[in-house]
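Chains as they are written, first to last, in my numbering: chain E, 1 to 237; chain C, 238 to 524.
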């Protein structure tokens, strides 16, 4: 079986600063992979290369045998922070309907359906600025569902959400992956979550420290290499 | 004098304004400029680029001064110059490490400096220049009116056709890119449209004050709107009300049109903000 995502010898630098060095990995269709690493390790930069927003300085990325720019219509991206002018009165329904102008047209009632799937049916007419962090992430995931995209890329989807909310968000991602065979690439800091949901883990600190099954690659040595001294892994008995 | 006579005098006084062709030109130009600036202002404020209107208006002094010096049509030269400025601001913002306000500040002051330099070569008093700086409804010619109407109809038609795409690119550029839109095209359109809208409104409000019309209707409408669609409609209507009220006040009280229009807008903004404060405190009390 050919890999769905192929990243080969990827380097990315900006302003003479090397942000990613020699990254290579494959992802197969329908897998959930997690990217972990300390702050400034290049996780978001890697995601932006994957969606074609950044162009690799060296090496290449192919998704379904296409460059990310050519494949971008099949990618849904949930950023870590979605910044917008909070005084702008845009409703959840208007926000969800923005993409109607592109080729991925959808019926307005589909918005209600996907909001219902993520448990946010009551938010449809609410102002986007009035949503809590958890509600906002649900809306972002609902928007990704709306167009039934092949690849879902999420940058710390549970940032600012409490433990219960975090669990719900990841359960939702797993459900989407299971039911639609959507490939998911998730950046996360939560090692427990990563171990539970991801099939493979990519450990990053500018260069690739490890890539493989969570139970094999998440250990004391890789954590110390990524995060530095003083990091240890505790197992509950 | 009986009541009927007083009534007739008052009506005549009110209708006097419509006897003058310059007032008709100002009113029609005002309505089109207001529609343009009101609707585009919503996108400008949402993108946090309100300062761009100011930058383009001030920088256009270079184009206007050059046209006056060479005896060319100032409005036409200013429009061409503004398109160039808009593209330059866009390139500086996107392709350099400069922030939007830094890029605009450089072009703003550069254009003003160039304009003052050109004017230093002009011998004698230049009344037309004063009308560009502070606005003067008496100077709006038939050619100006034709330009305002044509430009407004083109920009408003494009804005209606591409409304959703421009909104998508404004509100969520990454999402718009992933949906397949060529975001830079809509960005450039918006930059150029704002620049042209500012220029065609300069004779009405003046270089110094024109950007207020880009910001005030949108700022007031945000207080009352619950959706973006309502916001853009309300801002456009409010912009027309502000311009027409300002024009009437300027005529009857013999005030400069630019000042009157902007001060009416600011008065509306203060009243709207007070309404919001009172409504919020009443709601808190009731809860």
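Here a beta-carbon is modelled for each residue, glycine too, at the ideal position from N, C-alpha and C.
Distance check for residue j and residue i, CA to CA, integer angstroms please.
i              : j              : result
residue 218(E) : residue 177(E) : 23 Å
residue 331(C) : residue 159(E) : 28 Å
residue 250(C) : residue 353(C) : 42 Å
residue 478(C) : residue 192(E) : 59 Å
residue 151(E) : residue 57(E)  : 23 Å
residue 386(C) : residue 93(E)  : 35 Å
residue 136(E) : residue 59(E)  : 35 Å
residue 369(C) : residue 155(E) : 50 Å
residue 66(E)  : residue 518(C) : 57 Å
residue 116(E) : residue 442(C) : 50 Å
residue 240(C) : residue 320(C) : 56 Å
residue 203(C) : residue 297(C) : Outside the shown range of chain C (238 to 524) lies residue 203(C), about which nothing can therefore be said.
residue 310(C) : residue 346(C) : 23 Å
residue 16(E)  : residue 323(C) : 29 Å
residue 153(E) : residue 511(C) : 44 Å
residue 427(C) : residue 473(C) : 16 Å
residue 523(C) : residue 507(C) : 24 Å
residue 244(C) : residue 480(C) : 27 Å
residue 293(C) : residue 96(E)  : 34 Å
residue 126(E) : residue 139(E) : 11 Å
residue 112(E) : residue 270(C) : 39 Å
residue 304(C) : residue 361(C) : 16 Å
residue 80(E)  : residue 464(C) : 25 Å
residue 132(E) : residue 486(C) : 46 Å
residue 429(C) : residue 340(C) : 16 Å
residue 196(E) : residue 141(E) : 20 Å
residue 295(C) : residue 468(C) : 28 Å
residue 62(E)  : residue 315(C) : 47 Å
residue 515(C) : residue 461(C) : 13 Å
residue 306(C) : residue 449(C) : 28 Å
residue 286(C) : residue 365(C) : 29 Å
Tell me, which residues are paired with residue i by DSSP?
i              : result
residue 32(E)  : 184(E)
residue 66(E)  : 63(E)
residue 208(E) : 204(E)
residue 286(E) : This structure does not reach residue 286(E), given that chain E is present from 1 up to 237, and the question cannot be answered.
residue 25(E)  : 7(E)
residue 18(E)  : 13(E)
residue 239(E) : In the structure as shown, chain E starts at 1 and stops at 237, and residue 239(E) therefore has no counterpart that could be examined.
residue 58(E)  : 11(E)
Between which two residues does the beta strand (DSSP E) harbouring residue i extend?
i              : result
residue 205(E) : 200-205
residue 77(E)  : 75-78
How would you write the range of the alpha helix (DSSP H) that residue i sits in, first residue to last?
i              : result
residue 214(E) : 214-217
residue 311(C) : 311-332
residue 99(E)  : Looking at the DSSP string, residue 99(E) is not in any alpha helix (DSSP H), and its letter there is neither H nor E.
residue 338(C) : 337-357
residue 197(E) : 191-197
residue 50(E)  : 43-50
residue 241(C) : 240-252
residue 292(C) : 287-296
residue 447(C) : Element bounds for residue 447(C): n/a, residue is neither H nor E.
residue 280(C) : 258-283
residue 226(E) : 220-227
residue 441(C) : 439-442
With a floor of 4 residues, list each alpha helix (DSSP H) that falls wholly inside the stretch 456-494 of chain C, ordered by position along the chain. 465-489
**Report entry** Length at least 3, wholly inside the stretch 104-184 of chain E: the beta strand (DSSP E) runs in chain order
**Finding:** Taking only runs of at least 3 residues, the beta strand (DSSP E) segments lying wholly in the stretch 104-184 of chain E are 151-155.
*Give a yes or no on contact between the stretch 75-88 of chain E and the stretch 410-420 of chain C, applying the rule of three or more CB pairs nearer than 8 Å.*
Output reads yes: the stretch 410-420 of chain C touches the stretch 75-88 of chain E.
| task | Entirely within the stretch 367-428 of chain C and at least 4 residues each: give me those alpha helix (DSSP H) ranges in chain order. | result | 379-398, 400-408, 410-415
Using 8 Å as the cut-off, can you tell me whether the stretch 271-287 of chain C makes contact with the stretch 383-399 of chain C, which would need three or more C-beta pairs spanning the two stretches below that distance? yes
(message) Closer than 8 Å is the cut-off here; do at least three beta carbon pairs connect the stretch 251-271 of chain C with the stretch 363-379 of chain C?
(response) yes
Query raised in the report: Is it true that the stretch 182-197 of chain E meets the stretch 36-45 of chain E, where meeting means three or more beta-carbon pairs spaced less than 8 Å apart?
Result: yes
Worksheet item: Should the stretch 158-174 of chain E be regarded as contacting the stretch 42-55 of chain E, the criterion being three or more beta carbon pairs within less than 8 Å?
Response: no
**Message:** Does the contact criterion of 3 or more C-beta pairs under 8 Å hold for the stretch 399-411 of chain C versus the stretch 448-462 of chain C?
**Reply:** no
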